[in-house]
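First up is the structure itself, then whatever we jot down about it.
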Amino acid sequence: MGKSINSNHIQQLIAGDEAAFDLIYEAYSSKVYRLAFRFLKDAQQSEEIVQECFINLWTSREKLNALGDIWLYLYVIAKRLSLNSLRQMSQSREFSDKLVNQIATVHNDTEEDLLVSDLEQFTERIINKLPRQQQLIFRLSRVEHLTHKEIADQLQISPNTVKNHMVEALKTLKSQLQYSDLIFMLALFFWIN
Numbered sequence: 001m002g003k004s005i006n007s008n009h010i011q012q013l014i015a016g017d018e019a020a021f022d023l024i025y026e027a028y029s030s031k032v033y034r035l036a037f038r039f040l041k042d043a044q045q046s047e048e049i050v051q052e053c054f055i056n057l058w059t060s061r062e063k064l065n066a067l068g069d070i071w072l073y074l075y076v077i078a079k080r081l082s083l084n085s086l087r088q089m090s091q092s093r094e095f096s097d098k099l100v101n102q103i104a105t106v107h108n109d110t111e112e113d114l115l116v117s118d119l120e121q122f123t124e125r126i127i128n129k130l131p132r133q134q135q136l137i138f139r140l141s142r143v144e145h146l147t148h149k150e151i152a153d154q155l156q157i158s159p160n161t162v163k164n165h166m167v168e169a170l171k172t173l174k175s176q177l178q179y180s181d182l183i184f185m186l187a188l189f190f191w192i193n
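Residues in the sequence shown are numbered from 1 upward in steps of one, following the UniProt record's numbering.
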């Protein structure tokens, strides 16, 4: 979350408080703009994405989770809007010429790298909040790629206990990532099943 934004602001936004909306806009509009510009390389279109993104936030505010990560929600909306805009632009000759000119200026920080990095940071924050045993089991399973039996042997607990801890850890992750796009993307990176 942005430095000045907390769950109280999100609750106020959900309740329809325009001052809370203004604070959130102030905290995140430039990040949304930079994200859109990374895709579109066009200032005016990026501004339009910012406006659409925050209109979407306002109209969908009642569906928000006050404890969720508002930036991740905005990120997904802005990314979807930017990709839709790119699809529409790709029909035009002007766009294909522009794209050819831009290929030479692509940096090593590709959009996918940034997405992976953002998701890893976000999930790491959630994992760090899990109870110690769940954290340990989750990391042994997803990072060390140990089987439930190997984890059980290592921790001297039953495979069933390992399974129960994994189920609870994944439940927590899924509830924190209430937006379907994020669950889908997280599944790609962390193989939730």
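Virtual Cβ for every residue (Gly too), placed ideally from N, Cα, C. Everything numeric in this text was worked out from a predicted model, so none of it was measured.
- Item | Length of the line joining the Cα atoms of residue 36 and residue 22 | Each residue's Cα considered, the two are about 20 Å apart.
- Whole-number beta carbon distance between residue 19 and residue 53, since they are thought to touch under 8 Å: Rounded, the Cβ-Cβ distance is 19 Å, inconsistent with contact.
- Message: Rounded to whole angstroms, what is the Cα-Cα separation between residue 40 and residue 88?
- Response: Cα-Cα distance, rounded: 11 Å.
- Query: Straight-line CA distance for residue 13 to residue 58?
  - Reply: The alpha-carbon atoms of residue 13 and residue 58 are separated by roughly 8 Å.
- Taking the Cβ atom as the reference point for each residue, do residue 55 and residue 10 lie within a distance shorter than 9 Å? No.
- Can you list, in chain order, the residues of its chain whose CB lies under 8 Å from that of residue 144, leaving out five sequence neighbours each side? Closer than 8 Å at the Cβ level, and outside the excluded window around residue 144, lies no residue.
- Evaluate the contact criterion for the stretch 153 to 168 versus the stretch 134 to 144: three or more CB pairs, one atom per stretch, below 8 Å. They touch, by the three-pair rule.
- Item | Cβ-Cβ separation, residue 85 to residue 194 (assumed contact under 8 Å), whole Å | Any answer about residue 194 is impossible in this case: the structure gives the chain only from 1 up to 193.
- Item | Proximal residues to residue 149 (C-beta, below 7 Å), its chain only, five neighbours per side dropped | Same-chain partners within the cutoff: 159.
- Query: Apart from the five residues on each side of it in sequence, which residues of its chain come closer than 7 Å, Cβ to Cβ, to residue 4?
  - Reply: So the qualifying residues of the chain are 23, 27.
- Taking residue 170 as the reference, give the member of 151, 123, 146, 147 with the closest Cα. Nearest option by C-alpha distance: 123.
- Task: Would you mind reading off the limits of the alpha helix (DSSP H) that contains residue 145?
- Result: Element bounds for residue 145: n/a, residue is neither H nor E.
- Proximal residues to residue 29 (C-beta, below 6 Å), its chain only, five neighbours per side dropped: Counting only residues of its own chain and dropping the five nearest sequence neighbours on each side, residue 29 has a CB closer than 6 Å to the CB of 50.
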